[in-house]
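Single-structure report; data block below.
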Amino acid sequence: MKHTIRSLALILACVSTAVADDLTVYHIGNSLTRNVPLDRLKAVFADVGTTYRYGQQLGPGYRLEMHLINAKPGTPIAQIGRFNLVEPYSQYSDAFKKFTFDAVVLQPFQMPLDLEAKLDKPPFFTVGDLQAASALIDYARGKTKPGHGRWDLENPNTDHVACERFYIYATWPGAQSVLEHQPQPTFASYYAQPYRDGKVPCADFYTQLVDRLNERHADLPVPVRMIPAGEVMAALDEKIRADQLPGIEAFYARNQPYFVKARRNNPKPSPFDPEVFDRKAGVLNFYADGVHLNDQPHNGEDSGTIGSYVAALTIFATLSGKSPVGLTVAPYEQFDAKADAALIEALQQAVWSVVAGHPHSGVKKP
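Read in order, the letters of the sequence shown are residues -9 to 356 in the numbering used here.
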């Protein structure tokens, strides 16, 4: 009997962590989310038989508090909250009142961690990522407290529970910040620094954000989690500089013209712009401009870059709880599945080594 009970427990544990046949996720962020791109991420999930449905509210350079404003037509910022919407979910204020989601992914960007609301002429205001993410979590849970001076408070969601599972998409810094970092101008060194204040997208910033969100939302059935894309890139940065990523030079020998063109055709000149692959620069080679991993518009026909694939693998591994090793590379056209086989497996292994057992991913180490 004891053996039977133990076997049943093991079976139930496996079922609870299996990839769902159907997953519906809502993404709020900007072009750092858009350059995954999500339609290609959907194809990656399809490779394991999972239907990945997604809603999105993504604006160029938008911070989380800018999405909260959700400005009405006729205001100077009438398009806020209305970029890159996907039917039937539309903008977050409609989606969170009409639908339910398996997860909501929030992407912070270029704001201090903790900044209490500074109101301007309504609906304009500024808050830190802690306050903005917390307000969006409340909205998705139907727990917005009605108030004045802010769009989300004047148009609250007070009763419809759209989601109870939330992820912070922890992204990466701009290339200029990395190149100016002292004493070591490397991605890994920048990302490992302690967060004190200001707009510093490092691992400690996202860790503090997730911890403090969980303090604010202690009644969540599942704690707020992190999708550690920046930490994956930091791990790859060290591997590249230590010559431990097989096939990377051959990959760039074939694809370098794309990155040169993307960096030089950008309205803002890229601070990192080598003619050829630069091993000493590590993961900065992934950048197609000063911050993005593929060329604008980030979800075009040529957006299947190495950095976008790594981002997609990280999201897949975190949301599914499954290893990305062996996943298809077909949606990402820069790869040659045969010629890049060693590189592809190394990227997949690097993602899994960070995600599995990460204290905030929610993914247990096998």
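Heads up, the beta-carbon is just placed ideally off N, CA and C, and yes, glycines get one too.
- Residues of the same chain with a CB within less than 6 Å of the CB of G51, apart from the 5 flanking positions on each side, are N20 in chain order.
- At a Cβ-Cβ threshold of 8 Å, E291 and V212 do not count as neighbours.
- Apart from the 5 residues on each side of it in sequence, K87 sits with its Cβ closer than 7 Å to the Cβ of N147, H150 in its chain, given in chain order.
- Three or more beta-carbon pairs separated by less than 8 Å link the stretch 173 to 183 to the stretch 262 to 274, which places the two stretches in contact.
- Note on geometry: alpha-carbon atoms of F114 and Q324 lie some 42 Å from one another.
- Here I217 really is in contact with T304; their C-beta atoms are around 6 Å apart, less than 8 Å.
- With a cut-off of 8 Å on Cβ pairs, the stretch 276 to 286 is in contact with the stretch 158 to 174, counting three or more such pairs.
- By the CB criterion at 8 Å, L103 and L203 fall outside the cutoff.
- Rounded to whole angstroms, the gap between the alpha carbons of R253 and F262 is 8 Å.
- The three-state reading of DSSP puts L120 in helix, counting H, G and I together.
- Going by beta carbons, A130 and P321 fall outside the 8 Å limit.
- Residue state for V95 is assigned as strand, using DSSP reduced to three classes.
- When rounded, the separation of the alpha-carbon atoms in D37 and P356 is 21 Å.
- If you look at D194, you'll find it in the alpha helix (DSSP H) that goes 193 to 206.
- When the beta-carbon positions are compared, G139 and L109 come within less than 8 Å of each other.
- Checking the DSSP bridge columns, you'll see T14 partnered with R43.
- By the criterion of a C-beta distance shorter than 8 Å, A346 is surrounded in its chain by A307, S313, V353, K354, K355, P356, once the five residues flanking it on both sides are discounted.
- D84 sits away from T40, with the two beta carbons spaced by 8 Å or more.
- Beta bridge pairing from DSSP links F115 with L109.
- Residue state for L48 is assigned as strand, using DSSP reduced to three classes.
- In the three-state scheme derived from DSSP, where H, G and I count as helix and E and B as strand, G280 is classed as coil.
- By the 16-neighbour rule on beta-carbons within 10 angstroms, E265 is exposed.
- If you check the CB distance, Q100 and I18 do not come in under 8 Å.
- When secondary structure is reduced to three states using DSSP, G19 falls in the strand class.
- For R254, the enclosing alpha helix (DSSP H) starts and ends at 238 to 255.
- The DSSP-derived three-state label of M56 is helix.
- With a contact defined as Cβ atoms closer than 8 Å, V168 and A93 miss out at about 30 Å.
- With contacts defined as CB atoms closer than 8 Å, V300 and L226 qualify as a contacting pair.
- Residue environment for K328: exposed (fewer than 16 other C-beta atoms within 10 angstroms of its C-beta).
- Note on geometry: alpha-carbon atoms of A340 and D326 lie some 19 Å from one another.
- Residue pairing from DSSP places R215 in a beta bridge opposite Y157.
- Shortest Cα-Cα distance from F195 to any of A208, E221, H207, P173 involves E221.
- DSSP places D128 within a helical segment (H, G or I) once states are collapsed to three.
- Between the alpha carbons of L75 and E144 lies a distance of about 22 Å.
- For E239, the CB contacts under 7 Å within the same chain, skipping 5 residues up- and downstream, are F267 in chain order.
- Where G297 is concerned, the enclosing alpha helix (DSSP H) starts and stops at 296 to 310.
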